[in-house]
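Residue numbers for the sequence shown follow full-length UniProt numbering, so the first one is 1 and each next one is one higher.
The beta carbon of each residue, even a glycine, is placed where N, CA and C say it ideally should be.
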Amino acid sequence: RFLELAKKHNMYILLRPGPYICGEWEFGGIPYWILQNKDIKIRTYDQVWMNEISTWYSVFMTKMKPYLFSNGGNIIFVQVENEYGFYACDHKYMGWLYNETVKYTGNDIVIYTTDTYSTDALTCGSTPGAYAAVDFGAGDCIPPFNAQREYQKLGPNMNSEYYPGWLSHWGEKFPHVSTEPIIKTMKQMLDMGASFNFYVAIGGTNFGFYNGANGGGNSIQVDTTSYDYDAPLTEAGDITSKYLAIREALKAYVKDIPEVPANTTKRGYGDIIFTKSAYLFDNLENQVRYSVDNSNPLWFEQLHAAYGYVLYITELKGAGDKTLNIGTIRDWIMIYVDGKYIGKQSRGDSGKDFKLGNIEGELKILVENQGRINYGGDMTDRKGIQNVKINGATISGWTMKTLPMDSTLGICWTNTIGYNGPTFYYGT
Numbered sequence: 001r002f003l004e005l006a007k008k009h010n011m012y013i014l015l016r017p018g019p020y021i022c023g024e025w026e027f028g029g030i031p032y033w034i035l036q037n038k039d040i041k042i043r044t045y046d047q048v049w050m051n052e053i054s055t056w057y058s059v060f061m062t063k064m065k066p067y068l069f070s071n072g073g074n075i076i077f078v079q080v081e082n083e084y085g086f087y088a089c090d091h092k093y094m095g096w097l098y099n100e101t102v103k104y105t106g107n108d109i110v111i112y113t114t115d116t117y118s119t120d121a122l123t124c125g126s127t128p129g130a131y132a133a134v135d136f137g138a139g140d141c142i143p144p145f146n147a148q149r150e151y152q153k154l155g156p157n158m159n160s161e162y163y164p165g166w167l168s169h170w171g172e173k174f175p176h177v178s179t180e181p182i183i184k185t186m187k188q189m190l191d192m193g194a195s196f197n198f199y200v201a202i203g204g205t206n207f208g209f210y211n212g213a214n215g216g217g218n219s220i221q222v223d224t225t226s227y228d229y230d231a232p233l234t235e236a237g238d239i240t241s242k243y244l245a246i247r248e249a250l251k252a253y254v255k256d257i258p259e260v261p262a263n264t265t266k267r268g269y270g271d272i273i274f275t276k277s278a279y280l281f282d283n284l285e286n287q288v289r290y291s292v293d294n295s296n297p298l299w300f301e302q303l304h305a306a307y308g309y310v311l312y313i314t315e316l317k318g319a320g321d322k323t324l325n326i327g328t329i330r331d332w333i334m335i336y337v338d339g340k341y342i343g344k345q346s347r348g349d350s351g352k353d354f355k356l357g358n359i360e361g362e363l364k365i366l367v368e369n370q371g372r373i374n375y376g377g378d379m380t381d382r383k384g385i386q387n388v389k390i391n392g393a394t395i396s397g398w399t400m401k402t403l404p405m406d407s408t409l410g411i412c413w414t415n416t417i418g419y420n421g422p423t424f425y426y427g428t
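Right, dumping it as structure tokens:
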């Protein structure tokens, strides 16, 4: 449908078939279940990983063939991997992936790579046969294009991701990018005959749990659901002053520029008044997808928990003060004993002691997956908790309940407002 719409409006496609695409998407677009295999080495010359790619390509790339420019379609470029120079330096894998792509595209279309313009990134991310493009934002474009020329001797200079804005993380200020330097660099590229592609020209939304994250180890920066990106066109598709300024600057290079359509009509819906609520722990029966017993805590992926939450349950036995220590937290937890809220910890608290006091009873640890890491060298980002100890002794005997949070069917609503814990709210 997207390809057909693009063709209808005379737009060309730079296709990034993946399976790794980034876009600040959860796990960079790789399906979560890949991590069910504890030995898989993603984005490398690993036979298990490559078998999955071959299966994906056999379906997806077969569907794309009619849309290739060489077949009368509007796909002009097909990308191999994405910014691979920031991940591994596996030239054997990149060569294999290039050949796997050519199997479906043939040699009558441009196959390319995209990397930042550092020497390391271009050395590790480029591959013979593929056009080596670079990506960068506002600033002098000569150094990036000079770096590109070291790896791409022929053809035009190309910035395949020209950044007019930037992504957002929770807890950070919205990243406004000034219009003036964006236009200055754009003009510089046009004046020297270079090609560029705005990334992104229009903002978007990573709905539900599909946002990704940056970081690694015990550190994480969670991408926001909004992907507005301070783009020329907003997340709602509205015109901005940045868009109008870019349009005005392009008039010196393009003769016929269409008129600007009006923004869509907006409406204020007023206040939403919450009148009912439902306590999560009173609704486990209608919210739990799978319930699994095991001696040790299992990862989300082992439990077929793609997104959302998992509730880990065990028993605290014996009198005396207790100190909880969770060696690995991915990503955010809330701790309850016999239904009473005790406290919370985050990924950065992995391995840190948490004093529970003199307490016994049912220990519940509600774990939130805040988004699998989508970029960088630490992407094998399984979710859950591991190595849970009380007073230095490993706890065994766990029940794990997956909570995908994808339906409110069957929820038992009450007129109570203000539960001290995870709660659904209903309002109009």
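Practice problem: Give me the Cα-Cα distance between Ile30 and Pro261, rounded to the nearest whole angstrom. | Solution: Counting from one through the sequence shown, the residue named residue 30 turns up at place 30. Counting from one through the sequence shown, the residue named residue 261 turns up at place 261. Distance between the alpha carbons of Ile30 and Pro261 is about 36 Å.
Quiz prompt | Cβ shell of Gly421 (< 6 Å), same chain only, five flanking positions each side left out | solution = Looking up residue 421 in the sequence shown gives position 421. The residues are Tyr341.
Exercise. Locate the beta strand (DSSP E) running through Gln386, then write down its first and last residues.
Key: Within the sequence shown, numbered from 1, the residue matching residue 386 stands at position 386. Segment Gly384 to Ile390, the beta strand (DSSP E) holding Gln386.
Practice problem: Would you tell me roughly how many angstroms separate the C-alpha atoms of residue 429 and Ser195, rounded to the nearest one? | Solution: This structure leaves residue 429 out entirely; the chain is present only between 1 and 428.
Exercise. Answer yes or no: do Leu122 and Glu150 have a C-beta to C-beta separation smaller than 9 Å?
Key: One-based indexing of the sequence shown puts residue 122 at position 122. One-based indexing of the sequence shown puts residue 150 at position 150. Cβ atoms of Leu122 and Glu150: closer than 9 Å.
Self-check item: Where Ala121 falls: helix, strand or coil (DSSP)
Solution: Position 121 of the sequence shown, counted from the start, is the residue given in the question as residue 121. Three-state result, Ala121: helix.
Exercise. Say whether chain C places a C-beta atom closer than 9 Å to the C-beta of Tyr279.
Key: This model lacks chain C altogether; it includes just one protein chain.
Self-check item: Contact check, Tyr426 vs Phe274, beta carbons under 9 Å
Solution: Taking the sequence shown and counting its residues from 1, the one referred to as residue 426 is at position 426. Taking the sequence shown and counting its residues from 1, the one referred to as residue 274 is at position 274. Closer than 9 Å, so yes.
Exercise. May I have the straight-line CA-CA distance separating His304 from Ser350, to the nearest angstrom?
Key: Walking along the sequence shown from the start, residue 304 turns up at place 304. Walking along the sequence shown from the start, residue 350 turns up at place 350. Between His304 and Ser350, the C-alpha separation is close to 23 Å.
Quiz item: What's the C-alpha gap between Glu368 and Thr205?
Solution: Position 368 of the sequence shown, counting from 1, holds the residue named residue 368. Position 205 of the sequence shown, counting from 1, holds the residue named residue 205. Going by the C-alpha atoms only, they are around 20 Å apart.
Self-check item: Where Trp332 falls: helix, strand or coil (DSSP)
Solution: For the purposes of this step, residue 332 is taken as the residue at position 332 of the sequence shown. Strand, per DSSP.
Exercise. Work out the CA separation of Tyr12 and Ala6 for me, nearest whole Å.
Key: Along the sequence shown, one-based indexing puts residue 6 at 6. Along the sequence shown, one-based indexing puts residue 12 at 12. Their backbone Cα atoms lie some 7 Å apart in a straight line.
Practice problem: Compute the beta-carbon to beta-carbon distance between Lys65 and Tyr104, rounded to the nearest angstrom, for a pair I have assumed lies under 8 Å. | Solution: What you label residue 65 is simply residue 65 of the sequence shown in a count that begins at 1. What you label residue 104 is simply residue 104 of the sequence shown in a count that begins at 1. Right, their Cβ atoms sit about 6 Å apart.
Quiz prompt | Every unbroken beta strand (DSSP E) within the region 108 to 174, with a cutoff of 3 residues, ordered by chain | solution = 110 to 115, 131 to 137 and 158 to 163
Quiz item: If you draw a straight line from the alpha carbon of Trp166 to that of Pro175, how long is it in whole angstroms?
Solution: Locating residue 166 in the sequence shown gives position 166, counting from the first residue. Locating residue 175 in the sequence shown gives position 175, counting from the first residue. About 6 Å.
Practice problem: For the alpha helix (DSSP H) holding Gly208, just list the boundary residues, first then last. | Solution: Along the sequence shown, one-based indexing puts residue 208 at 208. Careful: Gly208 lies outside any alpha helix (DSSP H) and carries neither H nor E.
Self-check item: Environment of Val200 [buried if 16+ CB atoms lie within 10 Å]
Solution: Taking the first residue of the sequence shown as 1, we reach residue 200 at position 200. Result: buried.
Quiz item: Excluding five sequence neighbours on each side, which residues of the same chain lie with their C-beta closer than 7 Å to the C-beta of Phe60?
Solution: Your numbering for residue 60 matches position 60 in the sequence shown. Contacts found: Pro17.
Practice problem: With a cut-off of 8 Å on the beta carbons, I'd call Pro144 and Val134 a contact; round off their distance for me. | Solution: Position 144 of the sequence shown holds residue 144. Position 134 of the sequence shown holds residue 134. The pair is a contact, with the Cβ atoms about 5 Å apart (cut-off 8 Å).
Practice problem: From the DSSP output, read off the bridge partner residues of Tyr312. | Solution: Taking the sequence shown and counting its residues from 1, one reaches residue 312 at position 312. Answer is Ile365 and Met400.
Quiz item: Whose CA, out of Ala231, Asn387, Asn211 and Gly361, lies closest to the CA of Asn325?
Solution: As a working note, residue 325 is residue 325 in the sequence shown. Ranking the options by Cα distance to Asn325, first place goes to Asn387.
Self-check item: Endpoints, the beta strand (DSSP E) within which residue 445 is located
Solution: An answer regarding residue 445 cannot be provided, because it is not within the stretch 1 to 428 covered by the chain.
Quiz item: Mind checking Gly343: buried by the 16 CB within 10 Å criterion, or exposed?
Solution: Your numbering for residue 343 matches position 343 in the sequence shown. The residue is exposed, with fewer than 16 neighbouring Cβ atoms inside 10 Å.
Quiz item: Using a Cβ-Cβ cut-off of 6 Å (strictly less than) and excluding sequence neighbours within five positions of Asp115, which residues of its own chain qualify?
Solution: Start at 1 with the first residue of the sequence shown, and residue 115 comes out as number 115. Result list for Asp115: Glu83, Gly85, Ala121, Leu122 and Gly125, in chain order.
Self-check item: DSSP three-state assignment for Thr423, whether helix, strand or coil
Solution: Your numbering for residue 423 matches position 423 in the sequence shown. Reduced to three states, the DSSP call for Thr423 is strand.
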